[in-house]
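Residue numbers (our numbering), protein chains in the order written: chain A, 2 to 312; chain B, 1242 to 1544. Okay, structure first, notes after.
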Amino acid sequence: MSWMKKSAVLASITSVALVGAACGNDEGNGATDGDALSGKVVMDGSSTVFPIMEAVAEEYSMEQPDVEVTVGVSGTGGGFKRFVTGETDFSNASREIKEEEAAQAEENGVEYTQLAVALDGLSLVVNPENDWAKDITMEELNKMWTDTSVKTWKDVRSDWPAEEISFFAPGKDSGTYDFFDEKVLDGADIRQDSQLSEDDNVLVTGVAGTKGAIGFFGFAYYVENQDTLRALNVEGIEPTHETINDLSYPLSREIFTYVNNASLKDKEQVADFARFMNENAADLSEEVGYVKMEQARYDENAKVIDEIAGE
Amino acid sequence: MALPNSEFKNDKNLIDRETVSKRIKMRLQMNEVFKYVFMAGLVFALVVLSTLIYDIVTKGAGWVDLDFLRNFPSRRAERAGLYPALIGTLWLMGLIIPIVFVLGVGAAIYLEEYAPKNRLTSFIEVNISNLAGVPSIVFGLLGLTLFVRAMALGNSVIAGALTLALMSLPIVIVAAQESLRSVKQELRHASLGLGASKWQTTFNVVLPSALPGIITGIILSVSRAIGETAPLIMVGAATFISTTPSGIFSDFTALPIQIYNWTGRPQAEFQNLAAAGIIVLMTVLIAMNSVAIYIRNKYSNRN
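Shown next as structure tokens:
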């Protein structure tokens, strides 16, 4: 759970550092209900976070029809490239910002705050005809995804049959891959014979069509394809709403949006949108297939937003 | 009647009729075989195309209605529409066609009618042909550096349109050159002989005769450009936008981006929405092509 702590620390450092700067700024008062705002809110980043932000933007445009909200999907890395130059107000990310990205932001004088918006459980799925593997350990996962001498399920655990394994994984540019890399691969390269695709639906089709297949992707893709796929328990824990929500599922992960502090402070519509997003993220993320966080986390976010926006 | 007959008899001595008829038979057989080979080629293409269209229509037709065209995208499939994407694509088309027409035809006229026939000219021509084969994502990168960043147009419709226009230009130039070249030399001579200047000849005689071919080239390349996703994502077109463009400097999204986004969703209903989006995109393309064919025929009849 060290990554959870790390992100919490990161968020609090950025926010504490900015409380001082935000003091005495009183112009945010206009962002109360009933006021018609205008201007732009520019978001870019991860395609994993996109469905949530699309839903937020959809609801928000009913409240504030004159605010132009754009959400792009350049990917987590592509989004940060624009974010660190100050081009965008929000950058959606399915992983935390990398050191080199943070360094670029600092170089350009862009200060930001990390806001976790929802949870996802990276799900390991197999073909429904696979009647032997019910659960798997992190160690076994590491072995099967990195060691090319593992050819069949028998090589993973000796009482499993000698059925050949086919590997399906998201492309290396995705935040999902980065997360898997960090948690399971431990820095080692993913095996060369795994089939990578940027399109998760291709992975679904691949695993559903191959008896010995294993693959992984976000929880939503598993939930929607439960009739053609089966998820493995990891370390004995099944990926469900509950286990992801309380973080007991070992491959639970937070998904984020990063907000540019200057935008939050100076642009009324950005602050208003950030508040709106934080208030509705729980319900909307559930609606599009993700898992909400504990309410306390959203309350924390709200405090951080208020401190920086100066209200 | 006697004379040809006697000649025929002479031929009979010179030609081995048996070999000839055997060879002719073989040639005719070959002719038959290739007829079916070519027909199979056509049938294959048509079968693939009709399967594709059948698949898309059965999945998507039920989703295309007025609300689908009028609504903004939504997390709920039944409420989702592609209004901003449709308007964005129409904006792109409206900008690309004039840009491509002026630049493409201008370049072709210069190369065909004015440029000296030397090594530099042929070097330029070879490069234009090569550009036609450059992957669209490369044009996207070029657009990002040149239009979005250097010219500071941002992620606007005009930046997207210029990028796609640049991508379409090589094909338009080559097609326009071909059709300018096929205008009969006599027409030019007649015009020049009547005292018209080179420009008058080009504008009033050569260009109208070449127009049908030029328009065909523009239809082909702009149709391709309108279906592109990658270059638009490169120049930073939005995937969701809560407004439609109000001018050439507005942010935008386009149909292929919307379709691409829907195909990537986990829920099956969004795959159907993607199919419905494809139907709309095809309709837009067919409408554009019909207009172009109408214009082409009008000019063809004039000659």
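No residue lacks a Cβ here, since even glycine has one placed at the ideal position from N, Cα and C. Just so it is clear, the structure is predicted and the values come from calculations on it, not from any experiment.
Report all residues from its chain with a CB closer than 7 Å to the CB of residue i; omit the five preceding and five following residues, and keep chain order.
i, result
"Val-1373(B)", "The question names Val, yet the displayed sequence has Ala at residue 1373(B). Once the five neighbours on either side are set aside, the close Cβ partners of Ala-1373(B) are Pro-1411, Ile-1412, Val-1415."
"Ile-1519(B)", "Ile-1297, Gly-1301, Ile-1500"
"Arg-158(A)", "Glu-141"
"Ala-56(A)", "Leu-285, Glu-288, Val-289"
"Phe-1380(B)", "Thr-1404, Leu-1407, Met-1408, Pro-1472"
"Asn-1233(B)", "Nothing can be reported for residue 1233(B), as the shown portion of chain B is limited to 1242 through 1544."
"Leu-1382(B)", "Met-1475"
"Trp-161(A)", "Trp-133, Ala-134, Trp-154, Lys-155"
"Gly-21(A)", "Residue placement at Gly-21(A) cannot be trusted, given a pLDDT of 38 that sits under 50; the coordinates are not used to answer."
Return yes when the Cβ of residue j is within less than 7 Å of the Cβ of residue i, no when it is not.
i, j, result
"Glu-236(A)", "Thr-147(A)", "no"
"Ser-271(A)", "Val-42(A)", "Looking at the sequence provided, one finds Val at residue 271(A) rather than Ser. Cβ atoms of Val-271(A) and Val-42(A): closer than 7 Å."
"Thr-1404(B)", "Val-1476(B)", "yes"
"Phe-1481(B)", "Val-72(A)", "yes"
"Ser-1432(B)", "Phe-1490(B)", "no"
"Leu-1394(B)", "Ala-1400(B)", "yes"
"Asn-319(A)", "Asn-302(A)", "Any answer about residue 319(A) is impossible in this case: the structure gives chain A only from 2 up to 312."
"Ser-1409(B)", "Val-1346(B)", "no"
"Ile-1460(B)", "Ala-1533(B)", "yes"
"Ala-1402(B)", "Ile-1337(B)", "yes"
"His-242(A)", "Val-205(A)", "no"
"Ala-149(A)", "Arg-192(A)", "Residue 149(A) is actually Thr in this sequence, not Ala. Their beta carbons are under 7 Å apart, which means Thr-149(A) touches Arg-192(A) by this criterion."
"Glu-269(A)", "Thr-1484(B)", "no"
"Val-126(A)", "Gly-216(A)", "yes"
"Asp-273(A)", "Leu-38(A)", "yes"
"Arg-1311(B)", "Gly-1303(B)", "no"
"His-180(A)", "Arg-96(A)", "The amino acid occupying residue 180(A) in the given sequence is Phe; His does not appear at that position. Result yes, Cβ atoms of Phe-180(A) and Arg-96(A) sit closer than 7 Å."
"Gly-176(A)", "Thr-77(A)", "yes"
"Asn-143(A)", "Ala-214(A)", "no"
"Tyr-223(A)", "Ala-232(A)", "yes"
"Val-1284(B)", "Ala-1517(B)", "no"
"Ala-1286(B)", "Leu-1496(B)", "no"
"Leu-1421(B)", "Ala-1451(B)", "yes"
"Ser-1377(B)", "Glu-1469(B)", "yes"
In its own chain, which residues sit with a C-beta less than 8 Å from the C-beta of residue i, not counting the 5 before and 5 after it?
i, result
"Thr-1443(B)", "Ile-1350, Glu-1354"
Kindly give me the distance between the Cβ atoms of residue i and residue j, rounded to whole angstroms, as I take these residues to be in contact under 8 Å.
i, j, result
"Asp-156(A)", "Asn-234(A)", "With 8 Å as the limit, Asp-156(A) and Asn-234(A) do not qualify as a contact, their Cβ atoms being about 20 Å apart."
"Ala-94(A)", "Phe-257(A)", "5 Å"
"Gly-59(A)", "Ser-1315(B)", "Checking the sequence shown, residue 59(A) turns out to be Glu, not Gly. Going by Cβ atoms, the distance from Glu-59(A) to Ser-1315(B) rounds to 5 Å, so yes, they are a contact pair."
"Gly-46(A)", "Gly-80(A)", "3 Å"
"Tyr-1295(B)", "Phe-1313(B)", "With a Cβ gap of about 29 Å, Tyr-1295(B) and Phe-1313(B) do not count as contacting."
"Lys-184(A)", "Glu-130(A)", "27 Å between Cβ atoms; not a contact."
"Phe-220(A)", "Ile-245(A)", "6 Å"
"Phe-1493(B)", "Ala-1478(B)", "6 Å"
"Ser-92(A)", "Tyr-259(A)", "5 Å"
"Asn-1352(B)", "Gln-1418(B)", "Note that residue 1352(B) is Leu in the sequence shown, not Asn. At roughly 6 Å, the Cβ-Cβ gap stays under 8 Å, so Leu-1352(B) and Gln-1418(B) are in contact."
"Leu-1453(B)", "Arg-1537(B)", "Note on residue identity: the sequence assigns Pro, not Leu, to residue 1453(B). Right, their Cβ atoms sit about 4 Å apart."
"Ala-283(A)", "Ile-306(A)", "About 15 Å; that fails the 8 Å criterion."
"Lys-266(A)", "Ala-310(A)", "6 Å"
"Met-1529(B)", "Met-1280(B)", "That belief does not hold up - the Cβ atoms of Met-1529(B) and Met-1280(B) are roughly 30 Å apart, past 8 Å."
Can you list, in chain order, the residues of its chain whose CB lies under 6 Å from that of residue i, leaving out five sequence neighbours each side?
i, result
"Asp-90(A)", "Val-42, Val-43, Asn-261, Ser-264, Val-271"
"Ile-1369(B)", "Pro-1411, Ile-1414"
"Arg-1506(B)", "none"
"Thr-229(A)", "Ala-209"
"Ile-1474(B)", "none"
>> Can you confirm whether the stretch 117–126 of chain A touches the stretch 250–262 of chain A when touching is taken to mean that 3 or more C-beta pairs between the two stretches lie within less than 8 Å?
In response: yes
>> Does the stretch 1385–1405 of chain B come into contact with the stretch 1442–1462 of chain B, if we say contact requires no fewer than three beta-carbon pairs (one atom in each stretch) closer than 8 Å?
In response: no
>> Under 8 Å, with one C-beta from each stretch per pair, do the stretch 151–171 of chain A and the stretch 198–212 of chain A reach the 3-pair mark?
In response: yes
> Contact between the stretch 1326–1339 of chain B and the stretch 1525–1538 of chain B: three or more CB pairs below 8 Å?
Replying inline: yes
> When you check each C-beta in the stretch 1459–1482 of chain B against every C-beta of chain A, which residues fall closer than 8 Å?
Replying inline: Ile-1474, Gly-1477, Ala-1478, Ala-1479, Thr-1480, Phe-1481, Ile-1482
> Taking a cut of 8 Å between CB atoms, which residues from the stretch 164–184 of chain A lie near chain B?
Replying inline: none
> If contact means a Cβ-Cβ distance below 9 Å, which residues of the stretch 192–213 of chain A contact chain B?
Replying inline: Glu-199, Asp-200, Asp-201, Asn-202, Val-205
> Residues in the stretch 1307–1319 of chain B with C-beta within 9 Å of chain A's C-beta atoms, listed in sequence order?
Replying inline: Phe-1313, Pro-1314, Ser-1315, Arg-1316, Arg-1317
>> Taking contact to mean 3 or more Cβ pairs, one atom from each stretch, closer than 8 Å, check whether the stretch 96–113 of chain A and the stretch 63–71 of chain A are in contact.
In response: no
> Can you list, in chain order, the residues of the stretch 67–85 of chain A whose Cβ is nearer than 8 Å to any Cβ on chain B?
Replying inline: Val-68, Glu-69, Val-70, Thr-71, Val-72, Gly-73, Val-74, Ser-75, Arg-83
> If contact means a Cβ-Cβ distance below 9 Å, which residues of the stretch 1360–1372 of chain B contact chain A?
Replying inline: none
> At a Cβ cut of 8 Å, what residues of the stretch 270–290 of chain A count as close to chain B, listed as they run along the chain?
Replying inline: Leu-285, Glu-288, Val-289, Gly-290
>> Beta carbons nearer than 7 Å to chain A: which residues of the stretch 1415–1431 of chain B have them?
In response: none
> In chain order, what residues of the stretch 1515–1540 of chain B put their CB closer than 9 Å to some CB of chain A?
Replying inline: none
> Along the stretch 46–59 of chain A, what residues have a CB closer than 8 Å to any CB found in chain B?
Replying inline: Ser-48, Phe-51, Pro-52, Met-54, Glu-55, Ala-56, Ala-58, Glu-59
> Going along the stretch 95–106 of chain A in order, which residues come within less than 9 Å of chain B, judged by CB to CB distance?
Replying inline: none
> Listed from N- to C-terminal order along the chain, which residues in the stretch 245–268 of chain A have their beta-carbon within a distance smaller than 8 Å of any beta-carbon of chain B?
Replying inline: none
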